[in-house]
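Numbering (the working numbering), first residue to last: 128 to 518.
For glycine and all other residues, C-beta sits at the position ideal for the given N, C-alpha and C.
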């Protein structure tokens with residue numbers, strides 16, 4: 128995303144379904160994506176026929192299928208960003224480029240799945256290699272030795288961080304507790320009725336060291352969607368737009384293998400974050416809140432470091448003492464995130480950022496929020512970031 132695209136595209140509509148853990152709900156993945164998409168269009172004051180761009184999430188449907196069901200008369204732009212959980216935020220960058228360049232007028236970004244009632248994370252062993260993070264490397268060199276699912280893969284990095292910098296279980300627990308506190312202020316969160324204490328966190332079952340149960344994201348059904356257009360078109364629409372000031376995405380090297388990296392802690396976000404801040408003309412100190420992809424607690428801590436909110440190795444101390452809670456210096460995942468709201472592949476982090484910048488977040492509103500960051504984490508460390516500003 129060249130600097131010339133900064134502050135020229137906006138998010139003008141957001142939509143979500145209800146989030147749930149309800150096997151047998153009868154809703155298909157296509158159905159919930161359509162539901163969220165129609166809600167986003169209604170939020171923007173647009174009709175489906177005005178859409179001419181669609182960017183579906185990888186392996187969860189095609190642009191043609193979405194267009195046919197929505198009644199999009201002229202589909203001029205369609206593509207998919209293949210970066211796992213980094214895809215929704217990375218797609219914002221591509222959508223911004225599409226509308227500013229004239230390839231499309233309005234681009235829809237939907238993401239949704241039956242992550243509880245359909246295929247579950249524990250079924251990773253049965254997944255086709257083409258849709259498996261790490262691909263053939265994971266199949267041939269990780270799975271035969273018991274590294275069969277994301278908690279085990281990412282635990283390698285977390286354990287090394289603990290060894291190098293003294294990061295503690297209690298510091299990871301502080302992240303889980305903050306996400307739960309925020310979810311309890313969110314009427315749409317799956318875990319809104321269940322408080323979490325440090326004692327309960329430490330007593331929860333160990334999944335794969337150092338990850339306990341409450342270090343791991345939820346499995347839920349649901350969908351979310353956003354609509355992107357130019358700043359000029361946004362002026363004529365229903366809701367206050369949220370400007371995309373900067374966006375970037377990158378991968379570590381090698382992208383599909385963790386253990387042979389020269390720098391185990393370098394992620395795609397390490398590379399992408401400085402580019403996005405330079406594009407926006409801002410620094411991490413200018414940010415009022417952050418919606419950080421929280422597949423696991425340590426990945427929140429790591430992304431806080433690699434985004435530049437603190438130095439590498441300082442994340443453990445940073446997350447303690449309420450710094451990342453509402454009222455703290457950097458409120459993180461004000462909706463509860465993947466850990467306590469729902470797992471919608473990272474798209475609900477974008478919708479929450481928009482809600483915060485519109486001033487529509489209710490009890491969890493960050494006071495006077497003007498700028499926010501949204502990140503994505505995918506596969507074996509793909510990273511994406513968008514810097515957003517109140518329009």
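Around the Cβ of residue i, are there at least 16 other Cβ atoms within 10 angstroms (buried) or fewer (exposed)?
i, result
"residue 294", "buried"
"residue 306", "buried"
"residue 290", "exposed"
"residue 508", "buried"
"residue 174", "exposed"
"residue 397", "buried"
"residue 389", "exposed"
"residue 228", "exposed"
"residue 460", "buried"
"residue 394", "buried"
"residue 85", "As displayed, the chain neither begins before 128 nor continues past 518, which places residue 85 out of reach and without an answer."
Hey, could you find the ends of the alpha helix (DSSP H) residue i is sitting in?
i, result
"residue 474", "474-485"
"residue 385", "Residue 385 -> no alpha helix (DSSP H), and no H or E assigned at all."
"residue 270", "That residue, residue 270, is in no alpha helix (DSSP H); it is neither H nor E in DSSP."
"residue 166", "156-171"
"residue 278", "277-292"
"residue 310", "296-310"
"residue 465", "464-467"
"residue 325", "325-330"
Determine the extent of the beta strand (DSSP E) in which residue i is found, giving its start and end residues.
i, result
"residue 241", "234-241"
"residue 333", "333-335"
"residue 372", "369-377"
"residue 418", "416-418"
Per DSSP, which residues does residue i bridge with? Please list them.
i, result
"residue 348", "147 and 241"
"residue 509", "505"
"residue 354", "140 and 235"
"residue 500", "417 and 514"
"residue 338", "335"
Report yes if the C-beta of residue i is less than 7 Å from at least one heavy atom of the ligand MN; otherwise report no.
i, result
"residue 201", "Among the ligands in the structure shown, none appear at all, so the ligand MN cannot be discussed."
Exercise for review: Kindly confirm or deny that the stretch 416-434 and the stretch 444-457 touch, where touching means at least three C-beta pairs closer than 8 Å.
Suggested key: yes
Review point. If we count Cβ pairs, one from each stretch, closer than 8 Å, do we get three or more for the stretch 375-389 versus the stretch 152-168?
Key: No, the stretch 375-389 does not touch the stretch 152-168.
**Study point:** Contact between the stretch 404-420 and the stretch 484-503 (3+ Cβ pairs under 8 Å)
**Key:** yes
Check your understanding: Would you say the stretch 381-397 touches the stretch 344-364, given that touching needs at least three Cβ pairs under 8 Å?
Key -> no
Review point. Which ranges does the alpha helix (DSSP H) cover as unbroken runs of at least 4 residues, wholly within the stretch 181-221, from first to last along the chain?
Key: 190-197
Point to revise | Three-pair Cβ contact test at 8 Å for the stretch 363-378 versus the stretch 489-497 | key: no
**Study point:** Cβ pair count under 8 Å reaching 3, the stretch 177-186 against the stretch 200-209
**Key:** yes
Practice item. Answer yes if the stretch 476-491 comes into contact with the stretch 319-330, meaning at least three C-beta pairs across the two stretches below 8 Å, and no otherwise. Key: The answer is no - the stretch 476-491 does not touch the stretch 319-330, with fewer than three Cβ pairs under 8 Å.
Check your understanding: Along the chain, which unbroken stretches of the alpha helix (DSSP H) at least 4 residues long are found entirely within the stretch 408-461?
Key -> 424-434 and 442-446
Exercise for review: Count the CB pairs spanning the stretch 359-367 and the stretch 333-347 that are closer than 8 Å, and state whether there are at least three.
Suggested key: Using a Cβ-Cβ distance cut-off of 8 Å, the stretch 359-367 and the stretch 333-347 are not in contact, since fewer than three pairs of beta carbons, one from each stretch, lie closer than that value.
**Study point:** Cβ pair count under 8 Å reaching 3, the stretch 450-458 against the stretch 216-224
**Key:** no
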